[in-house]
Amino acid sequence: MLAKRIIPCLDVDKGRVVKGKKFQNIQDVADPVSLAKKYNEDGADELVFYDITASNETRDIFIDVVEKVAAEVAIPFTVGGGIRAIEDFHKVLRAGADKVSINSAAVDNPILIQEAAWKFGSQCVVLSIDAKENKDGNWAVYTNGGRIDTGLDALEWAKRGEELGAGEIVINAIDTDGEKNGYNLSLTQAIAQSVNIPIVASGGAGKLEHFQDVLQPDVADAALAASVFHYNEISVSQLKQFLVENGVPVRKRRVTPWK
Amino acid sequence: MIAIVDYGAGNIKSLQFALKKLNMHSCVTTDATQIRNSDAIILPGVGAFKDAINELQQSGLATTLKEEVSNGKKLLGICLGMQLFYENSYEDGVWEGLGLLKGNVKKMNDTVKVPHMGWNTLTKHRNSPLLKDTVEEEYVYFVHSYAVQDYQQNTLVSSTNYGGIVPAIVQQDNVIGMQFHPEKSGEAGIQLLRNFKELIG
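Keeping their order, the protein sequence lines are chains A and B. Sequential numbering from 1 applies to the first sequence in the UniProt record's numbering. Sequential numbering from 1 applies to the second sequence in the UniProt record's numbering.
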């Protein structure tokens, strides 16, 4: 049976993992490679690395991080942040990433999804959507770290992304991000019902039960979280044990280490 | 020396890192002589079937691979690499594959989400040295939208279940295919690659 995935997310700035609240108050946390190794040992199913500065100078440091992570951990990982063109996909995939996540660049140029899917396959094109509820009760797509309302409807955008060839959608609820009051279930479920590709829920994890709620059969296929893992509020192994006990299918990690 | 055939697709680096952990020397190559001189060949791959098979045909590597297989050399295909072994693929058209194994590659059943993405379990169909030191229901990482159908039952070593039975490990003599990514499947994947190493001898 296909397992539900637990995905720690690491925001990387100048080669370090950082975490802020609602995209602000960035503070230094840890070395990405050692954190990636730790999460792998704890049983994480995948990892996500976002290059949150993505200036030209920090770009090379980031690519170096990607390569080091690929050398150390044999689980899949996604890279995002600052991906604007096919060449950017090429660079991170060649460095050892498995999937590439695009957000603002896809809004600006939707055809990028199609070009990347043709060239590298749908399986490595992840459409990341930052959404926020508007006055009419609909979900609007935001870009630039939640600052710009694109006017796009999140459900329509998810459908369009799937048609263009995205292989997965990460849905990040801006309102719940960093609040630790749980994932936005109605948003995640609405997106899941709009498309037939895997859905990763993001933003709001604070307790074990939040993961259980969002990983129900008709909601998300995977749950992404950052600070609860970084600050050791929840460990991945503890979380998986909890999910097993509560009937959520997750991968049990092998005990045999590498020789 | 293991020759990893590079036809321009995907994340080859992770495969190299995994082989390195097992002290398996590998080179990423498109050179026919280097492939002929190797101890075994790995055909990796993600991306489109059409592009991959065109690249292999035009470069002449398709012929090299078939010759090496008939000489008895071990060939491991991973993901799209495995799909290329079959007769035809119906991915955006109809494309002729390498024809090393009988069967076709078709879009997965859309009663489930496609791509089939994530960790799924292996069910054993027959004994094979490839499964040495693995456990029943071992989790490995899959990511694919097309799967092998109309295959010969006796080639099926392991399958997974996703909207029906999906061939996961296949073997016919020296031709071995893995639909999932052993290089991304943690300890389980490393064990499977170690078993491949022991098979090469």
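Note that beta-carbon positions come from the ideal geometry of N, C-alpha and C, so glycine has one too.
Item                                                                                                                                                                            : Value
Report the start-end ranges of each beta strand (DSSP E) in the stretch 40–81 of chain B that is 3 residues or longer and not cut off at the edges.                             : 40–43 and 74–78
Grouping DSSP H, G and I as helix and E and B as strand, with all else coil, what is PRO198 (chain A)?                                                                          : coil
Is it true that the stretch 22–34 of chain B meets the stretch 234–252 of chain A, where meeting means three or more beta-carbon pairs spaced less than 8 Å apart?              : no
GLY93 (chain B): which of B:ASN104, B:LEU100 and B:ASP133 sits nearest, CA to CA?                                                                                               : B:ASN104
Would you call the stretch 161–171 of chain A and the stretch 79–99 of chain B touching, i.e. three or more CB-CB distances under 8 Å?                                          : no
Any beta carbon of chain A sitting closer than 7 Å to that of SER14 (chain B)?                                                                                                  : yes
Could you round the C-beta distance between LYS132 (chain A) and ILE174 (chain A) to whole angstroms and report it? I think they count as a contact, below 8 Å.                 : 4 Å
If you draw a straight line from the C-alpha of residue 209 (chain B) to the C-alpha of LEU65 (chain B), how long is it?                                                        : Residue 209 (chain B) is absent from the structure shown; chain B starts at 1 and stops at 201.
Does the Cβ of LYS91 (chain A) have 16 or more other Cβ atoms within 10 Å, making it buried, or fewer, making it exposed?                                                       : buried
Report the residue ranges of all beta strand (DSSP E) runs contained in full by the stretch 43–121 of chain A; include only those spanning at least 3 residues, in chain order. : 47–51, 77–80 and 99–102
State buried or exposed for LYS13 (chain B), treating a residue as buried only when at least 16 other CB atoms are found within 10 Å of its CB.                                 : buried
Counting Cβ pairs, one atom from each stretch, are 3 or more of them under 8 Å apart for the stretch 61–81 of chain A and the stretch 231–242 of chain A?                       : no
Do you know offhand how far TYR90 (chain B)'s Cα is from HIS144 (chain B)'s?                                                                                                    : 14 Å
Does the CB of PHE229 (chain A) have a neighbour CB from chain B at under 7 Å?                                                                                                  : no
Please list, in chain order, the chain A residues whose beta carbon lies closer than 8 Å to that of TYR162 (chain B).                                                           : LEU2
Quickly, what does DSSP pair GLU96 (chain B) with across the bridge? List them, please.                                                                                         : B:ASN88
Check for me: the alpha helix (DSSP H) holding HIS230 (chain A) runs from which residue to which?                                                                               : 227–230
Within 10 angstroms of the Cβ of ARG126 (chain B), are there 16 or more other Cβ atoms? Answer buried if so, exposed if not.                                                    : exposed
Taking DSSP as the reference, what is the three-state secondary structure of ASP177 (chain A)?                                                                                  : coil
Determine the closest residue to residue 264 (chain A) out of A:PRO110, A:ILE148 and A:LYS180, with distance taken between C-alpha atoms.                                       : With chain A running from 1 to 259 in the structure shown, residue 264 (chain A) is simply not present.
CA-CA distance, LYS22 (chain A) and ASN144 (chain A)?                                                                                                                           : Low per-residue confidence applies at LYS22 (chain A): pLDDT is 46, beneath 50, and the placement is therefore not dependable, though the value from the model is reported in the following sentence. Looking at the two C-alpha atoms, the distance is approximately 12 Å.
Along the chain, where does the beta strand (DSSP E) containing GLU233 (chain A) start, and where does it finish?                                                               : Premise fails: GLU233 (chain A) is in no beta strand (DSSP E) and is neither H nor E.
From what residue to what residue does the beta strand (DSSP E) around VAL125 (chain A) run?                                                                                    : 125–133
Just to check my reading of the structure: LEU2 (chain A) and ASN120 (chain B) have Cβ atoms closer than 8 Å, yes? What is that Cβ distance to the nearest angstrom?            : 5 Å
Using beta-carbon positions only, say whether VAL17 (chain A) and VAL29 (chain A) come within less than 7 Å of one another.                                                     : yes
Within this structure, are the beta carbons of ASP221 (chain A) and PRO249 (chain A) separated by less than 7 Å?                                                                : no
What is the C-beta distance between GLY204 (chain A) and GLY182 (chain A), in whole angstroms, given that I count them as a contact (C-beta under 8 Å)?                         : 5 Å
From the DSSP output, read off the bridge partner residues of SER158 (chain B).                                                                                                 : B:LYS124 and B:ILE169
VAL236 (chain A) and ILE52 (chain A) - do their beta-carbons sit closer together than 7 Å?                                                                                      : no
Got a sec: does the ligand NAD put a non-hydrogen atom nearer than 6 Å to the Cβ of ALA131 (chain A)?                                                                           : As for the ligand NAD, it is missing from this structure, which has no ligand bound.
Between LEU112 (chain A) and PHE49 (chain A), is the Cβ-Cβ spacing less than 7 Å?                                                                                               : no
By alpha-carbon positions, which one of B:PHE17, B:PRO44, B:ILE35 and B:LEU101 ends up nearest to ASP173 (chain B)?                                                             : B:LEU101
Quick one: what's got a C-beta closer than 7 Å to GLY8 (chain B)'s C-beta in the same chain, skipping five residues either side?                                                : GLU55
Are the beta-carbon atoms belonging to ASP39 (chain B) and ILE200 (chain B) less than 7 Å from one another?                                                                     : yes
Which first and last residues belong to the beta strand (DSSP E) in which ARG5 (chain A) is found?                                                                              : 5–13
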